[in-house]
């Protein structure tokens, strides 16, 4: 399995069947698999905080849901995490494609990319960096288990080392 | 029409269907109308009320009611497009439209200056829409919404009134018992 198929399988293994996302060229490698698989309901959101709201609603009625986004859009969902997921204890795994890392060509992507992990830190939310296919299934499945056990959101940060990044 | 009285009226007609309430007075007045396990109160995340309800509607066969507000929905109008794209037949959005951000000092909202949220919904492909101005109209449309497949988008024009006491702020309990009522 390639990295995208591994993430897909980990989602299934953890009963995550709804995915809300804002498009990104790298995570498209995952979301296109999800969209072709009837196990998943994939919702295209207009904004990252909307994706968090949709995923939170799914969890509230008993369905596990994940969110996919790019680091540039992570800033758009901070209040949704801080004032909905954290106080209500709603676990949402966030797959964040990291821009502004090695190989970045666009200066406008750098600051938000660098700010993403520190923001997660001050929110008290864990994150794990996915930069190799080695033991990727263990890392992703383990993070998903932790997410639901701790009932709080967490982030899985996808880097260009994992998927090759965006070519300018 | 006043929101509290209209909320009490809707609650009498919706059985045990799940309801999501916008932050502030919509949540407080839902609590004062009758606390129940299937009330999903929100205390923050302004703008996400109908997005939360959409996520629910896509994940249960039951009808889900969103009690949103004009100021909040203006913050997240994209979600109306997502509702139009997903077409959840079991979602009923009621927008309490007082044409202002009342809680922050009664500043006029865009709906006081021509933004017509019903037309926005229609422009997003939502066909079952209405704008109502009194309880009789609201109840009539609401019954239709319970009987006919949606999604429904109902703008309820209201007059602001004195606030009720703030309801207990218990987000963790809200989520726990709401979710439990769905069997988890």
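Chains as they are written, first to last, in this note's numbering: chain F, 10 to 177; chain C, -6 to 177.
Glycine is no exception: its CB is placed at the ideal position from the N, C-alpha and C atoms.
1) Name the chain C residues whose beta carbon is nearer than 8 Å to that of residue 53 of chain F?
2) Comparing the C-beta of residue 85 of chain F with each C-beta of chain C, is any distance below 8 Å?
3) Is there a Cβ of chain F sitting closer than 8 Å to that of residue 81 of chain C, yes or no?
4) Cβ of residue 27 of chain F less than 8 Å from any chain B Cβ?
5) If you measure from the beta carbon of residue 47 of chain F to each beta carbon in chain C, is any gap under 8 Å?
6) Considering only their Cβ atoms, is the gap separating residue 72 of chain C from residue 55 of chain F smaller than 8 Å?
7) On the three-pair Cβ rule with 8 Å, is the segment 22 to 39 of chain F touching the segment 70 to 84 of chain F?
8) Under 6 Å Cβ to Cβ from residue 119 of chain C, same chain only, skipping five residues before and after it: list those, please.
9) Check the Cβ of residue 46 of chain C against every Cβ in chain F and list those closer than 7 Å, keeping chain order.
10) Does the Cβ of residue 171 of chain C have 16 or more other Cβ atoms within 10 Å, making it buried, or fewer, making it exposed?
11) Given this structure, state the Cα-to-Cα distance separating residue 136 of chain C from residue 5 of chain C, to the nearest angstrom.
12) Below 7 Å between beta carbons is the criterion; list the residues of the segment 144 to 166 of chain C that meet it against any residue of chain F, in chain order.
13) Which partner residues does residue 93 of chain C have in the DSSP bridge list?
14) Tell me which residues of the segment 10 to 39 of chain C have at least one Cβ-Cβ distance to chain F shorter than 9 Å, keeping chain order.
15) State yes or no: is the C-beta of residue 235 of chain C within less than 8 Å of the C-beta of residue 51 of chain F?
16) Got a sec, what are the start and stop residues for the alpha helix (DSSP H) residue 129 of chain F sits in?
17) Based on Cα-Cα distance, which residue from C/48, C/40 and C/58 lies nearest to residue 67 of chain C?
18) Please classify residue 102 of chain F as buried or exposed, where buried requires at least 16 other C-beta atoms within 10 Å of its C-beta.
19) Per DSSP, which residues does residue 166 of chain F bridge with? Please list them.
20) Hey, is the segment 23 to 43 of chain C in contact with the segment 156 to 168 of chain C, meaning 3+ C-beta pairs nearer than 8 Å?
21) Go ahead and pull the three-state DSSP assignment for residue 157 of chain F.
22) Which residues of chain F have a Cβ atom closer than 9 Å to the Cβ of residue 52 of chain C, listed in chain order?
23) Per DSSP, which residues does residue 78 of chain F bridge with? Please list them.
Walking through what the data contain:
1) 75 and 78
2) no
3) So no, residue 81 of chain C is outside the interface.
4) The structure shown contains no chain B; its protein chains are F and C.
5) No - not a single Cβ of chain C is within 8 Å of the one on residue 47 of chain F.
6) Result yes, Cβ atoms of residue 55 of chain F and residue 72 of chain C sit closer than 8 Å.
7) yes
8) 77, 144 and 146
9) 66
10) buried
11) 12 Å
12) 164 and 165
13) Partner(s): C/101.
14) 11, 13, 16, 33, 35, 36, 37, 38 and 39
15) Nothing about residue 235 of chain C can be reported from this structure: the residues present for chain C run from -6 to 177 only.
16) 119 to 132
17) C/40
18) Buried, by the Cβ-count rule.
19) F/105 and F/138
20) yes
21) helix
22) 26, 27, 50, 66, 67, 68, 69, 70, 71, 72 and 74
23) F/105
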